[in-house]
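If you use mature numbering (1 follows the signal peptide of the UniProt record, and there is no 0), the sequence shown corresponds to residues -28 to -1, 1 to 295, in order.
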Amino acid sequence: MPPITPTRALIVLTTFLFICLLWTGAFPHEYTPPTPPSVNSDAPNKEPVAAPVLPEPLVDNAGVKPGTPVLEKQNAQSSAPKDVGPELDCKHVRGADQIMIIVQTSKSETSDTLPSHLKSLLSCTPHVLIFSDHTSAMDGFPIHDALSDIPSTTQASHDEFHIYANLSDASYKPPPEKAALLDKWKILPTLYKTATMAPSHRFYLFITPHTSLTWTNLLQWTARLDYRIPYYIGAPHPVATRKYARTAPAILLSYGTLQLYRSTYEDRHPIRSIQPLRLPSCLPRQRRMHPVETPRGRVPHWEDAAPWGEGDGRQEVDEWMDA
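In structure tokens, the structure reads:
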């Protein structure tokens, strides 16, 4: 019989593993605690670093040179209030200073005060412009007349302006159906006045008193976009085979779009010959606009969309240019 058989080898291996198990787990061993790190007690006491972990936000100094980022000065921590209310928080959210909110309304839509949901939104927006069909003030916000630059000859030749002279009277309440006829005249002047009154913002959101939105979601979304690209963003309203931008859900324009529109507006017609034209058609995704040279000058061209919409009171481009 051989001295080493598979059975004897298995018995030896099992015995060895059993002894190792007893040695590591069953028998007590002396525990040696880890050595703590040495601390230099002679080191000088230094002030803690007060600078924030995140870098300071970049803001656009478009009033001097559009598109040039500069570092925003950080206020001293000692001057900042310890207890910051919710209204102060939403006004100082990152990116809030880069968006201009434009409210388009009429005297028939607003009474003595703004809707509660609109006042909540405007309390969080640092920059607000309100345009209507008259000049007034409401809840501390000045209301600008979008129709003030339309010449008297144009007003006399259109019936919808018959109530315009009475809108400056505080006691006059226009019929909603007649006041709505003036809305088509306010679109282009509102865009142009916004471009001249507030030219240094990255995005411009045009809303109505019925618009509801989440302010912080809007800021997070626009932070992903390049404001120098001509964006024109809105909800589509299909009419036959065309789509138009709906004003109630809001229309978002970038800095590049509004400056391009301002240049086109000034090149194509003077203030004296304003005619009611609708904005270019809009798809829900982001659209780009670029100028096209024509015998009549530079005109805006929108990809896969008609350059001008159709609707009640629309004037043909040729008639508009010849006016």
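Cβ coordinates follow ideal geometry from the N, Cα and C atoms, glycine included.
Self-check item: Beta-carbon contacts of residue 218 that lie in its chain and below 8 Å, excluding the five residues immediately before and after
Solution: 206, 207, 208, 209
Quiz item: Under the rule that 16 or more other beta-carbon atoms within 10 Å means buried, what is residue 144, buried or exposed?
Solution: exposed
Exercise. Below 8 Å on the Cβ atoms is my guess for residue 172 versus residue 197; work out the distance and round it to an integer in Å.
Key: That belief does not hold up - the Cβ atoms of residue 172 and residue 197 are roughly 17 Å apart, past 8 Å.
Quiz prompt | DSSP three-state assignment for residue 114, whether helix, strand or coil | solution = strand
Exercise. Compare the C-beta of residue 120 against all C-beta atoms of chain D and say whether one is closer than 8 Å.
Key: Protein chains in the displayed structure number just one, and chain D is not present.
Quiz item: Using the rule of at least 16 other Cβ atoms within 10 Å of the residue's Cβ for burial, across every protein chain shown, is residue 105 buried or exposed?
Solution: buried
Quiz item: By how many angstroms is the C-alpha of residue 64 removed from the C-alpha of residue 70?
Solution: 11 Å
Quiz prompt | Three-way DSSP call (helix, strand, coil) for residue 53 in this model | solution = In this prediction, residue 53 scores a pLDDT of 46, lower than 50, which makes its location untrustworthy; the coordinate-derived value is nonetheless stated afterwards. Residue 53 falls in the coil class under three-state DSSP.
Exercise. Please report how far the alpha carbon of residue 72 lies from the alpha carbon of residue 134, in whole angstroms.
Key: 32 Å
Quiz item: Alpha carbon to alpha carbon, what distance is there between residue 215 and residue 253?
Solution: Any reading at residue 253 must be qualified, since the residue scores a pLDDT of 46, below 50, and its modelled position is unreliable; the value itself is stated next. So the alpha carbons of these two residues sit roughly 5 Å apart.
Exercise. Take the Cβ of residue 89 as the centre, count every other Cβ of all protein chains shown within 10 Å, and call the residue buried at 16 or more, exposed below.
Key: exposed
Quiz item: Cβ atoms of residue 230 and residue 176: under 8 Å apart, would you say?
Solution: yes
Quiz item: Measuring CA to CA, which of -22, 78, 228, -6 is closest to residue 181?
Solution: 78
Quiz item: Taking Cβ to Cβ, would you say residue 162 is nearer than 8 Å to residue 103?
Solution: yes
Exercise. Pick helix, strand or coil for residue 79, following the three-state DSSP scheme.
Key: coil
Quiz item: With distances taken between CB atoms, is the gap from residue 199 to residue 174 smaller than 8 Å?
Solution: yes
Quiz item: Taking buried to mean at least 16 other C-beta atoms within 10 Å of its own C-beta, is residue 178 buried or exposed?
Solution: buried
Self-check item: Terminal residues of the alpha helix (DSSP H) in which residue 156 lies
Solution: 155 to 169
Practice problem: Quick one: residues in its chain with C-beta nearer than 6 Å to the C-beta of residue 154, no 5 flanking neighbours on either side, listed in chain order? | Solution: 105, 132
Quiz item: What did DSSP end up calling residue 227 once you bin it into helix, strand or coil?
Solution: helix
Quiz item: What's the C-alpha gap between residue 50 and residue 62?
Solution: Its pLDDT being 40, under 50, residue 50 is placed unreliably by the model, and the measurement read from it follows with that caveat. Going by the C-alpha atoms only, they are around 21 Å apart.
Quiz item: Since residue 100 is in the beta strand (DSSP E), which residue starts that stretch and which ends it?
Solution: 100 to 104
Quiz item: Quick one: is residue 75 buried, meaning 16 or more other Cβ sit within 10 Å of its Cβ, or exposed?
Solution: buried
Practice problem: Name the one or two DSSP bridge partners that residue 134 has. | Solution: Answer by DSSP bridge pairing: none, since residue 134 is not bridged.
Quiz item: How should residue 122 be labelled, buried or exposed, when 16 other C-beta atoms within 10 angstroms of its C-beta is the threshold for buried?
Solution: buried
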